[in-house]
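**Q** Going down the list, the sequences are from chains A and B.
Adding 411 to a residue's 1-based position in the first sequence gives its number in the working numbering.
Adding 411 to a residue's 1-based position in the second sequence gives its number in the working numbering.
In this text, a Cβ means the ideal position worked out from N, Cα and C, and glycines have one as well.
The model shown is predicted, which means the values in this text are computed figures rather than measured ones.
2 protein chains.
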Amino acid sequence: MELRLKKTHVTFKGKTQFFEHDSNVTKTMMSFSTYVPDGEVTNAIIWLSGLTCNEENFITKAGSQRILSGTNTMIICPDTSPRGLSLPGENDSYDFGSGAGFYVNATTEGYKDHYRMYDYIMDEVVSILKSHFRIQKVSIMGHSMGGHGALVLGMRKPEVFHSVSAFSPIVNPTQCPWGKKALKGYLGDEEDTWKDYDTCELLKSGKKRQDTLLVDQGLADEFLEEQLLTKNLESMALEYGQGVNIRYQEGHDHSYYFIQTFLNDHIDFHLSALNG
Amino acid sequence: MELRLKKTHVTFKGKTQFFEHDSNVTKTMMSFSTYVPDGEVTNAIIWLSGLTCNEENFITKAGSQRILSGTNTMIICPDTSPRGLSLPGENDSYDFGSGAGFYVNATTEGYKDHYRMYDYIMDEVVSILKSHFRIQKVSIMGHSMGGHGALVLGMRKPEVFHSVSAFSPIVNPTQCPWGKKALKGYLGDEEDTWKDYDTCELLKSGKKRQDTLLVDQGLADEFLEEQLLTKNLESMALEYGQGVNIRYQEGHDHSYYFIQTFLNDHIDFHLSALNG
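1) Kindly list the residues whose CB is nearer than 6 Å to the CB of L630 of chain B, restricted to its own chain and excluding five residues on each side of it in sequence; keep chain order.
2) Considering only C-alpha positions, which residue in the set B:R545, B:D609 and B:V655 is nearest to V452 of chain B?
3) Could you confirm whether any beta carbon from chain A is found closer than 9 Å to the beta carbon of F544 of chain B?
4) I think M556 of chain A touches G461 of chain A, with their Cβ atoms under 8 Å apart; what is that distance to the nearest whole Å?
5) Check I655 of chain B in the structure and name its three-state DSSP category.
6) Please go through the segment 488-563 of chain A and give each complete beta strand (DSSP E) segment of 3 or more residues, from N-terminal end onward.
7) Less than 7 Å between C-beta atoms, sequence neighbours within five positions excluded: which residues of the same chain meet that for G599 of chain A?
8) Assign E479 of chain B to one of two classes, buried (16 or more other C-beta atoms within 10 Å of its C-beta) or exposed (fewer than that).
9) So for I457 of chain A, helix, strand or coil by DSSP?
10) If you draw a straight line from the C-alpha of D632 of chain B to the C-alpha of Y505 of chain B, how long is it?
11) Answer with yes or no whether the minimum CB distance from K591 of chain A to chain B is below 9 Å.
12) By the 8 Å beta-carbon criterion, what residues does the segment 505-526 of chain B contribute toward chain A?
13) So L564 of chain B and P580 of chain B are supposed to be a Cβ contact under 8 Å. How far apart are they, rounded?
14) Whole angstroms are fine: how far does the CA of L639 of chain B sit from the CA of Q628 of chain B?
15) Where S509 of chain A and D490 of chain A are concerned, what is the direct C-alpha to C-alpha distance, given to the nearest angstrom?
16) In chain B, which residues lie with their C-beta within 8 Å of the C-beta of Y659 of chain A?
17) Using a Cβ-Cβ distance under 9 Å, would G461 of chain B count as near chain A?
18) If you follow the beta strand (DSSP E) that A577 of chain B is in, where does it begin and where does it stop?
19) Taking the continuous alpha helix (DSSP H) assigned at G425 of chain B, which residues delimit it?
20) To the nearest angstrom, how far is it from the Cα of S497 of chain A to the Cα of Y514 of chain B?
21) Using a Cβ-Cβ distance cut-off of 9 Å, determine whether T641 of chain A contacts chain B.
22) State the Cα-Cα distance for the pair K418 of chain B and F429 of chain B, rounded to the nearest angstrom.
23) Could you give the residue range of the alpha helix (DSSP H) that holds R477 of chain A?
24) Compute the Euclidean distance between the alpha carbons of H663 of chain A and K472 of chain A, then round it to the nearest angstrom.
25) So P493 of chain B and M441 of chain B are in contact, right, with Cβ under 8 Å, and what is the actual spacing, rounded?
26) What runs of the beta strand (DSSP E), each 3 residues or longer, lie entirely inside the segment 593-644 of chain A?
27) Give the secondary structure of M647 of chain B by DSSP, where H, G and I count as helix, E and B as strand, and everything else as coil.
28) Skipping 5 residues on each side, what residues in its chain have a beta carbon closer than 7 Å to that of K568 of chain B?
29) Where does T463 of chain B fall in DSSP's three states?
30) Grab the span of the beta strand (DSSP E) containing H420 of chain A for me, first residue to last.
31) In chain B, which residues lie with their C-beta within 7 Å of the C-beta of Q586 of chain A?
32) Identify every residue that forms a DSSP beta bridge with V447 of chain A.
33) What does S666 of chain B reach in chain A if we use C-beta pairs closer than 8 Å?
34) Can you say whether E616 of chain B is buried or exposed, counting buried as having 16 or more other CB atoms within 10 angstroms of its CB?
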């Protein structure tokens, strides 16, 4: 796997970098950003972004460099979908296709050959971390659609991800408009196949992590009631005995201002798990 | 002066907000962002942005909220020019007109009625701070073109600004391509009139502050040699006895990754002056 380094910015003695590479999974060029602190770095956190985002949003806005500087842990922020394929419907809406990969392996015509973001993260990004960055342990977190991605990957592969956290995740996509549209578009009409990509359904099916998940959710988030359905995660986790620390944050919305406010807690949470 | 609140994001217990208002100085609508920490706030720092920026860049990318949270000091980030006038040449290049006001009072035809960013900051923004935000003391800082603005306003009005700092400032605009183009476009061919907006020329003319300026300059900044001319400030300050702490930062470029790395030092510098 050849990585092409596009740009380097020295930041807090470490390096913020932008890469692209030809993906064996998506059969397209894929992009990601990283922040690698100065000194010995043995662990990584994968950040999965939300709808409309690419590899830039988190690394420019969240302030992660200040927090990770001086630690042994890097962050990697992949783009949220393949780009530039011109598949039918790929560029017609903000919540499907480009910028909206939903971290699934598509099975529908056209999409199935490229929109395989589950495998892209699980296999290719994790493999890049191990081979290129010499990383030993990996944790995962994300926001909104990316919070959904982090929870799904973390629940399905506890042996790969040492800890899992999310900001404003879509916890029950089979039951909300964003999720239904995306899962139908990528997986087709057979709703049973959607359940592999739904955190609440994974809990129902018996998936369980021994550690506790961390979730922050703003109470002024405009998407809370219709799309995110955080209460469903709360009740499913209780019913199936999954530890989860859901923190409802008064006054906070769905933005990166919310993320930057609580990012310190999430990174501390992952550092403890990775170095524990 | 009626301010129209466009958006509020709770951030670190304080509020990141976006405003617009009809300006008496530019005779256009003007925009700015603010971060006001929770609790009693009596002081403000004005941030002036660089070429192509608007009121969003700093407040989304620099991580100032984390640093200002818990202090008695807010920040205000004005847009870098009037917008939407369709003056001749206003939208033809990134370094003149829209997004490139250069913090001068224009005297050339068309521009003289609107491009009065010096007065806009000095009179209207300072007045908004005092009347709307009930601020007692004000400091100023900026980046690149905005670093130039901060130095010029700070040198000319030490009685208004308690402290002055800059990232990668254009210190001698009468001698660099960006400055020459802008000063000629806004002030005309009479180069003597340009000197009021040139930090090095202000020092030559006898302007002096009793306090020390703080300047950070990346050594990997692509604009250092041709546009920023930091060495000229160094020699002029020495010759005319102006205290200035110029810190050359190895490996750092012209980006917001550079700014976020050293912003803590700049804010501490201003907090000391404002609360001293």
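**A** Reading off the structure:
1) Y659 and E661
2) B:R545
3) no
4) 5 Å
5) The amino acid occupying residue 655 of chain B in the given sequence is Val; Ile does not appear at that position. Here V655 of chain B sits in strand by DSSP.
6) 548-554
7) T518 and T519
8) Note on identity: in this sequence residue 479 of chain B is Leu, with Glu being the wrong assignment. With 16 or more Cβ atoms within 10 Å of its Cβ, L479 of chain B is classed as buried.
9) strand
10) 18 Å
11) no
12) none
13) Between P580 of chain B and L564 of chain B the Cβ distance is about 12 Å, and since that is not below 8 Å, they are no contact.
14) 9 Å
15) 10 Å
16) Under the 8 Å cutoff, chain B gives no residues; its nearest Cβ is about 13 Å from Y659 of chain A.
17) no
18) F572 to F578
19) From DSSP, G425 of chain B is part of no alpha helix (DSSP H) but of the beta strand (DSSP E) over G425 to D433.
20) 45 Å
21) no
22) 5 Å
23) S475 to L479
24) 16 Å
25) 7 Å
26) 624-629
27) helix
28) M533
29) coil
30) R415 to T422
31) Correct list: empty, because the minimum Cβ distance to chain B is about 28 Å.
32) A:K426
33) H420
34) First, the amino acid is wrong: residue 616 of chain B is Ser here, not Glu. Result: exposed.
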